[in-house]
Amino acid sequence: MGVARSSQIVAPARPEPRWNVRPSVVIPADRRSFSGYRQPRTSCRPERGHINDTHDDQPIRDLTAWAVDRLEEALATARDGHELESIRVIAQSRAYGCGDPDSARLRWAKLSLTANERLPGGTSWNDARKNCQNFALRTWIIQHVGPGTDPDWDPEALAADTLAALPLAPGRARSLSTGWHDLPAERINELRQHKNMTAHVDHLVHLIPSGPTKDRLSAWIDVRKHLP
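Just so you know, we're using numbering that gives the first Met the number 0 here: the sequence shown kicks off at 0 and counts up by one.
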């Protein structure tokens, strides 16, 4: 007689859930208009955020229903980049949302900016991406909710932050853009970062009083048309 085999199958232990979101895709500024920042979707529904692992069978928790105070508490202890990005995306979407009072939208926007600031940096692309997200949200709030005394919603403060984030002067960037196909990859990437970080300038410049700051911002409107 054969030896009977056990038919019992022991399921592997399920890992603890982690926060996760799909990697953000940065669309080159020359392939989209700034109006894309106004509303991430055509409806008033916020972008989806969830807690998940890389395993397809991992339980998912939808974070979009979380209240702002709950996400603020989560941000206080968040350390992982996935956690921070999830909070940033949800809060930004709620700031763009329909029907909320201005005070609520400002609170959501602040939460998104704080999460964005705490995202990993230290590389030129990460720092440029963080700047793009910061400048786009602040410009949208200033346009649609209104400027305020808070530096985040002050057009002149945003203009100063924008110019400080751009290592190249407009004239230098314009000069390098001539025959940019022959430049080293690092230099091409630098020019693309400058183009992305000035995507909001044509909307911001109209909110700045006449003076040197407005002149420097205005120069980028033309220069970025020639950047890769």
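For glycine and all other residues, C-beta sits at the position ideal for the given N, C-alpha and C.
Nearest residue (CA-CA) to residue i, options the options
i           : options            : result
residue 221 : 173, 203, 211      : 173
residue 88  : 224, 110, 123, 191 : 110
residue 225 : 202, 193, 140, 176 : 176
residue 185 : 201, 122, 91, 73   : 122
residue 125 : 80, 91, 152, 187   : 80
residue 200 : 148, 187, 69, 216  : 216
residue 77  : 116, 131, 171      : 116
residue 231 : 197, 91, 182       : The question about residue 231 has no answer here: the residues shown for the chain are numbered 0 through 227.
residue 134 : 91, 101, 183       : 91
residue 131 : 214, 213, 165, 187 : 165
7 angstroms CB neighbourhood of residue i in its chain, flanking five on each side removed
i           : result
residue 211 : none
residue 106 : 67
residue 48  : Legend: pLDDT at residue 48 = 48, less than 50; position of this residue unreliable, value from coordinates given subsequently. Once the five neighbours on either side are set aside, the close Cβ partners of residue 48 are 20, 62, 63, 85, 88, 89.
residue 120 : 126, 129
residue 183 : none
residue 83  : 77, 114, 117, 118
8 angstroms contact criterion, which residue i and residue j should meet: CB distance rounded
i           : j           : result
residue 219 : residue 169 : 6 angstroms
residue 207 : residue 158 : 5 angstroms
residue 104 : residue 67  : With 8 angstroms as the limit, residue 104 and residue 67 do not qualify as a contact, their Cβ atoms being about 10 angstroms apart.
residue 179 : residue 167 : In fact, because the Cβ distance is near 13 angstroms, the residues do not count as touching under 8 angstroms.
residue 74  : residue 113 : 6 angstroms
residue 129 : residue 136 : Actually they are not in contact, since the Cβ atoms of residue 129 and residue 136 sit about 11 angstroms apart, beyond 8 angstroms.
residue 194 : residue 223 : 5 angstroms
Neighbourhood of residue i by C-beta distance below 8 angstroms, restricted to the same chain and skipping five residues each side
i           : result
residue 71  : 110
residue 99  : 93, 107
residue 152 : 105, 137, 140, 141, 144, 145, 146
residue 34  : For residue 34, the predicted model reports a pLDDT of 36, less than 50, meaning its position is unreliable; a value from the coordinates is still stated below. Closer than 8 angstroms at the Cβ level, and outside the excluded window around residue 34, lies no residue.
residue 213 : 158, 204, 207
residue 101 : 144, 145
residue 65  : 73, 89
Cut-off 6 angstroms between Cβ atoms - residues of its own chain near residue i, not counting five sequence neighbours on either side
i           : result
residue 150 : 156
residue 227 : 179, 187, 190, 191
Cβ of residue i within 9 angstroms of any chain B Cβ
i           : result
residue 191 : In the displayed structure, chain B is absent; only one protein chain is listed.
Please specify which runs of the alpha helix (DSSP H), each continuous and at least 4 residues long, are wholly inside the stretch 103-161, giving them in chain order.
-> 123-143
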